[in-house]
Structures are given as structure tokens and as C-alpha cells.
Amino acid sequence: MKLAALFSGGKDSTYAMYKAQQYGHKISVLISVVSQNPESYMFHTPNIHLTELQAQAIEIPLLTWISKGEKERELQDLKAAMYTAKEQYGIEGVVTGAVESIYQASRVQRICHELDLWCFNPLWLKDQKKLLQELLENKFEVIIGGVFAPPLDGEWLGRKLDTEAVKELIRLEEEFHINPAGEGGEIETFVTDAPFFRKKIEIKKATKNFKGKSGTYDIEGAGLVEK
2 MKLAALFSGG KDSTYAMYKA QQYGHKISVL ISVVSQNPES YMFHTPNIHL TELQAQAIEI
62 PLLTWISKGE KERELQDLKA AMYTAKEQYG IEGVVTGAVE SIYQASRVQR ICHELDLWCF
122 NPLWLKDQKK LLQELLENKF EVIIGGVFAP PLDGEWLGRK LDTEAVKELI RLEEEFHINP
182 AGEGGEIETF VTDAPFFRKK IEIKKATKNF KGKSGTYDIE GAGLVEK
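Residue numbering for the sequence shown follows my numbering, starting at 2 and increasing by one per position.
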């Protein structure tokens, strides 16, 4: 089936795309909604400008849609983007990286119903620890692009999500009850390489901005390199 991937550049949307391909679906286009509101209820914002570079690495067209990020109204922006993808690329459905967020999943499902599109959520209710382990096993290269809950601090910004980082996140879950995969909004991620990337992303310049109890890893320069 021809699908569009709702794509933020983070681990969940990227891994969901990978799973859809494993099921035999064709990803015809990536859809990235760029929210002007960093507190958006629906859309990931850290380093969202780099989805264009990721699309080049994957070699799949990208449809970018700008949204003011106003609650509920931003859903109309998503609907417009999905309608455009259907008209331009002939998609029959969309794949999302939704894992536990009923707010996000239910609204995407509603839009799909209105547009007569199939909504595929391959990660829905997946065990978070297993999800992290599968990312490692499948050689996804992921960095932490934002932290938004104590005790996660500025040292996590830009850190590679490797075996040691996953172990530490699981320990913090046990001690502080955070979600190790960030489903509670504790972390945001950025994928620099995955099995289906034709090239990988090299970060050349980035700034850690941490204040109070949260911060972001703002990538200011990046390029593509051969794998």
C-alpha cells in the first residue's frame, strides 16, 4: 500500500516508517508539520527544520506544512497536508509513530477517516523498553535533541542513544518514574542514521541550551556523508 509517513525526524516516526516498509508498504512521501509553537500538543519541534536533510538521506520526497501550532486548529493544518499528499502522491494511508498518546492517535485517526485514508500505527502500545532495544538491535543512530523533565539535565543533550544511555534511562524510570522512551514528553530525539537511510547525517555544529529544568540541542549545521 502507498503510504505517507508523518515524520518529525525523531526515533518513533522513523522507526514506524521502517516497520511499515518491513510489512511491505511503500512510503511515497514524508509529511512534516512545522509548528511555530514550541508547546504544540501535536507536533515535535526540536530540529524539525532538519527533516529536509533527513528526507535527502532517505531519498523520499518531503512535504512540509507550516502551522501556527494553535490547539485543535493545528489539526486542520495536518488535514490540509494529508489531503495534499493524497492528491499529489496518490497515497492510500498514513503511518504514524504514535505509541501511547491517545490525544495524537485519535485525532490522526479522525482525519484519516475524513479523508478516506488508512491509519497505520505499528508502534501502538509497544513496550517502551523493547522499543529502545529494537532501535539498538536495528542499528538506528539516535541522539537526544531535548530534555524536559528532571533528573535529565544538560549532559543528556546531544548524547547518543546507545546501550549505556538506555540502561541509564531504565534506571531513571525505576527511581524517578520517567518514561524511558520519552512518551511522557521527557525527551525528544533526532535520527542521524537508520537501515533504510542511503546516507547518514553528520552534525557539524550544535548548541546546548539548558535552562531551569529543560533544554534543547539545537543543530545549526549538518550534512550528508556516505555510509
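The beta carbon of each residue, even a glycine, is placed where N, CA and C say it ideally should be.
Apart from the five residues just before and just after residue i, which ones in its own chain have a Cβ nearer than 6 Å to its Cβ?
{"i": "A6", "result": "M18, I28, L31 and V96"}
{"i": "W157", "result": "I145 and V148"}
{"i": "K20", "result": "P123"}
Have a look at residue i and residue j and give me their C-alpha separation to the nearest angstrom.
{"i": "T52", "j": "I112", "result": "23 Å"}
{"i": "L133", "j": "L116", "result": "33 Å"}
{"i": "R108", "j": "L76", "result": "8 Å"}
{"i": "S215", "j": "F197", "result": "32 Å"}
{"i": "E187", "j": "Y84", "result": "31 Å"}
{"i": "G213", "j": "E40", "result": "16 Å"}
{"i": "A182", "j": "K168", "result": "11 Å"}
{"i": "Y90", "j": "L173", "result": "43 Å"}
{"i": "N139", "j": "T164", "result": "13 Å"}
{"i": "L170", "j": "E176", "result": "10 Å"}
{"i": "I67", "j": "H50", "result": "11 Å"}
{"i": "D78", "j": "P47", "result": "19 Å"}
{"i": "H26", "j": "F121", "result": "10 Å"}
{"i": "E71", "j": "K87", "result": "24 Å"}
For residue i, which residues does DSSP report across the bridge?
{"i": "C113", "result": "According to DSSP, C113 bridges with nothing at all."}
{"i": "F211", "result": "G216"}
{"i": "E142", "result": "D194"}
{"i": "L1", "result": "In the structure as shown, the chain begins at 2 and stops at 228. Residue 1 is therefore absent and cannot be evaluated."}
{"i": "G229", "result": "Residue 229 lies beyond the range of the chain shown here (2 to 228); nothing can be said about it."}
{"i": "S68", "result": "S36"}
{"i": "A223", "result": "I204"}
{"i": "W119", "result": "G94"}
Here's a check: name, in chain order, each residue in its chain whose Cβ is nearer than 8 Å to the Cβ of residue i, leaving out the five neighbours to either side.
{"i": "R232", "result": "Nothing about residue 232 can be reported from this structure: the residues present for the chain run from 2 to 228 only."}
{"i": "E93", "result": "M2, K3, L4, L118 and W119"}
{"i": "V226", "result": "K200, K201, I202 and E203"}
{"i": "G222", "result": "I204, K205, K206 and A207"}
{"i": "E184", "result": "V100, E101, S102 and Q129"}
Residue i: which of the options sits nearest, CA to CA?
{"i": "G10", "options": "M83, H114, V143 and G70", "result": "V143"}
{"i": "Q110", "options": "K80, N139, K87 and K12", "result": "K80"}
{"i": "S14", "options": "G70, A106 and K72", "result": "A106"}
{"i": "Q229", "options": "K69, K131, Y24 and E174", "result": "Since the first and last residues shown for the chain are 2 and 228, residue 229 lies out of range."}
{"i": "N210", "options": "V34, E176 and G159", "result": "G159"}
{"i": "G224", "options": "F8, K12, A56 and V34", "result": "A56"}
{"i": "I179", "options": "L153, A82 and F121", "result": "L153"}
{"i": "T65", "options": "F177, E184 and V35", "result": "V35"}
{"i": "L54", "options": "A82, Q22, S33 and M43", "result": "S33"}
Determine the contact status of residue i and residue j, defining contact as a CB-CB distance below 9 Å.
{"i": "T190", "j": "I202", "result": "no"}
{"i": "V100", "j": "L136", "result": "no"}
{"i": "I24", "j": "G98", "result": "Before going on, a small fix: residue 24 reads as Tyr here, not Ile. It is not a contact, given that the beta carbons lie outside the stated cut-off."}
Spatial neighbours of residue i within its chain, please: CB distance less than 7 Å, with the 5 preceding and 5 following residues excluded, ordered by chain position.
{"i": "G155", "result": "K209, F211 and G216"}
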